[in-house]
Every structure is written in C-alpha cells, then in structure tokens.
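If you read the sequence shown in UniProt numbering, its first letter stands for residue 1, the second for the next number, and so on. Heads up, the thing below is written out as structure tokens.
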Amino acid sequence: MGACCSTGERPHGFFMAEEGQKGKENRAEKGSDHHHIQNAENSGVRVRFEGSSRFTSMFSQQGRKGINQDAMTVWENFNGEKDMHFCAVFDGHGPLGHRVAQQVRDMLPSKLCSIFKQYSKVNGINFKTEADEKNEENYENADCEDGHKNPFFSSWKNILIKSFEKVDEDLCDDVALDSYCSGSTTVAVLKQGDHLVIANLGDSRAVLCTRDDTNQLVSVQLTVDLKPNLPNEAERIKNCEGRVFAMDEEPEVFRIWMPEDDCPGLAMARAFGDFCLKDFGLISTPVVSYKKLTDKDEFVVLATDGIWDVLSNEDVITIVASARKRSIAARLLVDCAVRAWRHKYPNSKVDDCAAICLFLKNKPSLTKSMSETSRFSNNYPEFHVSRQSKNLNTDDGLETLLNCEIASRPRVDDSTKISRSMSHGLTPQKPAKDVK
1 MGACCSTGER PHGFFMAEEG QKGKENRAEK GSDHHHIQNA ENSGVRVRFE GSSRFTSMFS
61 QQGRKGINQD AMTVWENFNG EKDMHFCAVF DGHGPLGHRV AQQVRDMLPS KLCSIFKQYS
121 KVNGINFKTE ADEKNEENYE NADCEDGHKN PFFSSWKNIL IKSFEKVDED LCDDVALDSY
181 CSGSTTVAVL KQGDHLVIAN LGDSRAVLCT RDDTNQLVSV QLTVDLKPNL PNEAERIKNC
241 EGRVFAMDEE PEVFRIWMPE DDCPGLAMAR AFGDFCLKDF GLISTPVVSY KKLTDKDEFV
301 VLATDGIWDV LSNEDVITIV ASARKRSIAA RLLVDCAVRA WRHKYPNSKV DDCAAICLFL
361 KNKPSLTKSM SETSRFSNNY PEFHVSRQSK NLNTDDGLET LLNCEIASRP RVDDSTKISR
421 SMSHGLTPQK PAKDVK
C-alpha cells in the first residue's frame, strides 16, 4: 500500500524518475519483473509511481491507520503502443496489505504485456486506434454486455481477466509473501485513442468527467463498488458456503466471513490475495467494461476508497477541474479528502488516499460556467497546494479546465475554509471501515 515508491533495488532501465528530479529516485520493489522492465526501456515505455506528466497527475498520502497500504502506477506508451496509457490504483488490506499492493502493482503490467503477446500470436491481432479502424465507426459506448462487438475491447477484456487471474496465482505461489489474510483491490484503465477499457476488482472506483448538453461538467461512474451485499456477489459467496453479514457496531458495512469462523470480515467481494476466502466466494476476476470516448470527455479519476468515502463523484470532478495546473490535480484532490475526513469524522482514523487523474485532451477547454466550480475554488485553498507544487516534479506545465478564470484570492486559514465548505454543500458520505 505504498503509493510512493517502495524501497529496494532500482531495476536497470526503468523510466520512473520525473524530469528535472535531482537526487531523488523512485524505487521498485525487489519483486518487480526486471526482464520486462528492461524491455520497457527498449520500447519507449515510461513508468511512474508518483508525480505527473503531460496527461497524468498522481498523488497518495498515508492515513492514520499505520503504513500506507495504497499503491499506484502509470505506464505511458504501454506495451510499446503509441498513445496507450495504463493507469491503476491498488488498495491493500490486512497485515501485509502494503506488500500485496506493491507486488500486484509491479506484476500486473508485465503480465498484461506477456499475455498480450501470447494472445496476438494465437489470434494474429494488431490493435489500432479508432482513427485507423474504419470498420469500428459504428461502435457506440458499451459495457461488458455489448463490448464483444468491438475487437479492441473484446481482446483486452480477455487479456485483463487472464492477467488478473495469473497475478493471483503467482501471489498464491509466492512463499516470500504471506497473502493468506492480506490482499489488495485494484481499479485500472487502458486508454488508446478514443478507446477506454476499465477493469475493476474490489471497491476502488473510476469516474469520468464529461460535459452535458449545456456544457456543464458532470460525472459518470465507470465502475461499481463490488461489495459483498450486492445480489450477484452475495449469491456467489453463499453458494461457496461463505457468509455475508454486517456487525452490530457497523450495520452499513457488509463483510465476507468464513463458514465456521467470524473472520476475516472482508468488506469487498473481489480482491487479489486473501486466500483464506478464495474457497468461499472471494474471486480475483475483474469486472471489465468499455467506454468510447468523445470530445465532451475531459478526464478520468481513479482513486481508492479513502477518497470516495468522504467525497461524492461530483465533488471529485469539481475539485480536479478547479486545480490551477494538471500537475497538482491529484494532490489537491487528496488534500481535500484528508481535510474532509478530519471534519466529518473527527473520531475516526483517516484512511490512506491515492488518486490518479488521466486527462484526455492535449489542451484543456474552458467551461462557460463557473457555477459548479466556484464553491471549491473559493473554499479549498488550492494556492496552498500550488505553493508546494514546486516540490512536485512535472513535465507538463498545462493548465486545467478553469484556471484561466480563477483569480488570486487572499490567504485565509485552511481549517476555516474546509469547515465552511463542509457545512455548505459537500455530499455527506459514510466511511466503509475495512479490516486492515
């Protein structure tokens, strides 16, 4: 669960350090696939565990529950494909959840690449962008029910499902990492051209910011939080003799329990690891869906539940859109979530928070209305984040949606601002308290 770079020996040729970064290296876990990392250098792949680039912003902050169990990764020119991005966040849980999250972060991209190669040899496929595929002009936005009509989606869906399952098998076989009662959720996206493929395992979430017919920013949730009490999930678990119920002190949080023991009480229905529950309904098969992007779509936010427990989808897209620069968008979002935790749940421990913002356009477009964003530009002191952003190494320098219309404001106390914003419009949320 370390969203920042983990300690350990840095693999040779792994492009992770941000441009202009001096005296600081992001380091990969020793369990990384070194062979694939060297291949990544040859194919022009750029990998990040933190920081920002032209199209991405990522940031994580440790909560008050111990070691940061969140992790994240961004791969540009993924699999050697021009304009392909792979982004994923991982939320670990259990005694060694941070190590499981880091291990999955390091293994999953290379598994996807290797299985892609196997798949392409067998099927003779060569993925191209939408602009190059005239026969795909009639494909509409599709979820996993209609996506089989789209060769890009149907191929990557199979590759993602197989890769997730292989990573879980490797975790099970890894004697150096005890993942019997530790695991990790994952939400990941593959983006190339106007193709967007989403893979979800657990209760992290992906949300799209787009525009409606009046040019207002609106949120579209791309994933479903896979909780144990969802009908299909609960049925599978019960058919495998697992139990689903909530404890008296947390009646809103449903958990998976073993048939005879009141443990481990896992608050999600799908995850990597947690092998004590794999015979009782917990699975590592992701829900994979597809979105055909349009000119109205602005950015995608991937985040762990530490964000979504205290901020609504609308809150999140408004905060990101109000950031002065793309490079600080994720940091601003995490900062707002942490402050929301402290205000709404002063007696609860703040959860770890990790977020990736994937911007979909070369140049941001300005919104015609400030009504949806003025509240956050006034109430959240983003200038405070902006002053610290000099420590964030970035190679983009791009503005976000609204910054040209946001004037400098006098400094005020942050705690006063956040308190005012919480009492005037932030959507109330209840934190899902996982066993971690």
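The beta-carbon is built from N, C-alpha and C at its ideal position, and this holds for glycine as well.
(request) To the nearest angstrom, report how far apart E298 and G242 are at their CA atoms. (result) 41 angstroms
(message) For P231, count the other beta carbons within 10 Å of its own beta carbon; 16 or more makes it buried, fewer makes it exposed. Which is it?
(response) exposed
(request) Out of V220, R54, S60, N347, state which residue places its alpha-carbon closest to the alpha-carbon of E76. (result) R54
(message) Under 8 angstroms: do the stretch 319-326 and the stretch 105-114 share three or more Cβ pairs, one atom per stretch?
(response) no
(message) Which residue wins for smallest C-alpha separation from V187, given the options D168, F90, H98?
(response) F90
(message) I'd like the list of long-range same chain contacts for K191, defined as Cβ closer than 6 angstroms, with 5 residues on each side in sequence excluded.
(response) H85
(message) Can you tell me whether T186 is helix, strand or coil according to DSSP?
(response) strand
(request) Output the distance between the C-alpha atoms of D203 and Q221, rounded to the nearest integer angstrom. (result) 13 angstroms
(message) On the DSSP letters alone, give me the boundaries of the beta strand (DSSP E) that F299 sits inside.
(response) 299-303
(message) Give me, in chain order, the residues of the same chain whose beta-carbon lies closer than 8 angstroms to that of D352; leave out the 5 immediate sequence neighbours on both sides.
(response) M1, A3, S60, Q61, Q62, G63, K65, N68, Q69, D70, D91, T304, G306
(message) Along the chain, where does the beta strand (DSSP E) containing residue 442 start, and where does it finish?
(response) Outside the shown range of the chain (1 to 436) lies residue 442, about which nothing can therefore be said.
(request) Give the straight-line distance between the Cα atoms of R270 and T185, rounded to the nearest whole angstrom. (result) 7 angstroms
(request) Helix, strand or coil for V207, going by three-state DSSP, please let me know. (result) strand
(request) Excluding the 5 residues preceding and the 5 following I237 in the sequence, name in chain order all residues of the same chain whose CB lies nearer than 8 angstroms to its CB. (result) P228, R243, V244, I256, A269, F280, G281, L282
(message) Please report the distance separating the alpha-carbon of M247 from that of V253.
(response) 8 angstroms
(message) Whole angstroms are fine: how far does the CA of D274 sit from the CA of S312?
(response) 29 angstroms
(request) Kindly indicate the opening and closing residues of the beta strand (DSSP E) around G265. (result) 264-266
(message) Which residue wins for smallest C-alpha separation from E259, given the options P95, V300, C276?
(response) Strictly speaking, residue 259 in this sequence is Pro, with Glu absent from that position. Nearest of P95, V300, C276 to P259, Cα basis: C276.
(message) With DSSP as the reference, identify every bridge partner of H85, one or two as the case may be.
(response) E76, K191
(message) Between R326, R339, C336, V338, which has its C-alpha nearest S57's C-alpha?
(response) R326
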